[in-house]
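Q: My structure is below; once you've seen it, I'll send some questions.
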Amino acid sequence: MKYCPQCGSPLLRLELSGRVRPACPDAKCGFVHWNNPIPVVAAIVEHADEVCLVRNVGWPAHWYGLVTGFLESGEMPEEAVVREVEEELGLVGRLESYIGMYEFYRANQLLIAYHVSVDSHDVETCKHEIADHKWVPIATVQPWTAGTGRALRDWLAARGIEREMVDFDRVSN
Ligand SMILES: [Zn+2]
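Under our numbering, think of the first position of the sequence shown as 302, with each following residue one higher.
Here's what the structure looks like:
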């Protein structure tokens, strides 16, 4: 961001609240690009000792991750995560537990992860968002080195399964 979206002045880099941030030099305008992280919900979708991993549209062929999505206006994270599971997988989700919050600095997101169970393996993915899915046994699923992978590692650890995270490009789920 080079120019102020409110008044068009070239932005300066000013130290504000302990960090250097792009900010408008016009005191009457006062725009600051705070770049606050965006909350994103993530679901470990589980049925019959397997978890459902999805490949989002546009991802490389070997990338599979958790179901994720943005909150709608006025929605709480626990509502959003069940809605996202239903929209992306076409299955009714049941909220089981909160897992944790994870920073995903690269995308400027705050991940809020939950365990959501479903009653079937018969996924009907939303073709606009999901290119593919796979069911992976909990006995073998490998967590990966990203925010959602840390959520999976912690969820496994809470079940007494200690498993190392594998580089996202080398994981073989
Ligand atoms: Zn301005």
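By construction, the Cβ of each residue, glycine as well, lies at the ideal position given by its N, Cα and C atoms.
Using CA atoms only, rank isn't needed, just tell me which of Val393, Val386, Leu412 and Arg395 is closest to Arg451.
A: Taking the sequence shown and counting its residues from 1, the one referred to as residue 451 is at position 150. Here the closest residue by C-alpha is Leu412.
Q: Could you check where the beta strand (DSSP E) with Pro323 kicks off and where it finishes?
A: As a working mapping, residue 323 is identified with position 22 in the sequence shown. Looking at the DSSP string, the run of the beta strand (DSSP E) that includes Pro323 is Arg320 to Ala324.
Q: Just mark His429 as buried or exposed, buried being the case when its beta carbon has 16 or more other beta carbons within 10 Å.
A: Looking up residue 429 in the sequence shown gives position 128. Its Cβ having fewer than 16 others within 10 Å, His429 is exposed.
Q: Thinking C-alpha only, which one of Trp456, Gln443 and Val417 is nearest Ser473?
A: Against the sequence shown, residue 473 aligns to sequence position 172. Ranking the options by Cα distance to Ser473, first place goes to Gln443.
Q: Does the pairing of the segment 402-417 with the segment 447-467 give three or more beta-carbon distances under 8 Å?
A: Verdict: yes, contact present.
Q: Among all residues, which have a Cβ less than 6 Å from at least one non-hydrogen atom of ligand 1, and in what chain order do they fall?
A: Spelled out in chain order, the answer is Cys305, Gln307, Cys308, Ser310, Cys325, Asp327, Cys330 and Phe332.
Q: Given a cut-off of 8 Å on the beta-carbon distance, is the pair Val274 and Val437 in contact?
A: Residue 274 is absent from the structure shown; the chain starts at 302 and stops at 474.
Q: Quick one: grab the DSSP three-state call for Trp456.
A: Here residue 456 is taken as the residue at index 155 of the sequence shown, counted from 1. Helix at Trp456.
Q: Using the beta-carbon count (16 or more within 10 Å), is Pro323 buried or exposed?
A: Sequence index remark: in the sequence shown, residue 323 carries index 22 (1-based). Pro323 comes out buried.
Q: Could you pull the start and end residues of the beta strand (DSSP E) that Ala343 belongs to?
A: The count along the sequence shown starts at 1 and reaches residue 343 at position 42. Looking at the DSSP string, the run of the beta strand (DSSP E) that includes Ala343 is Ile339 to His348.
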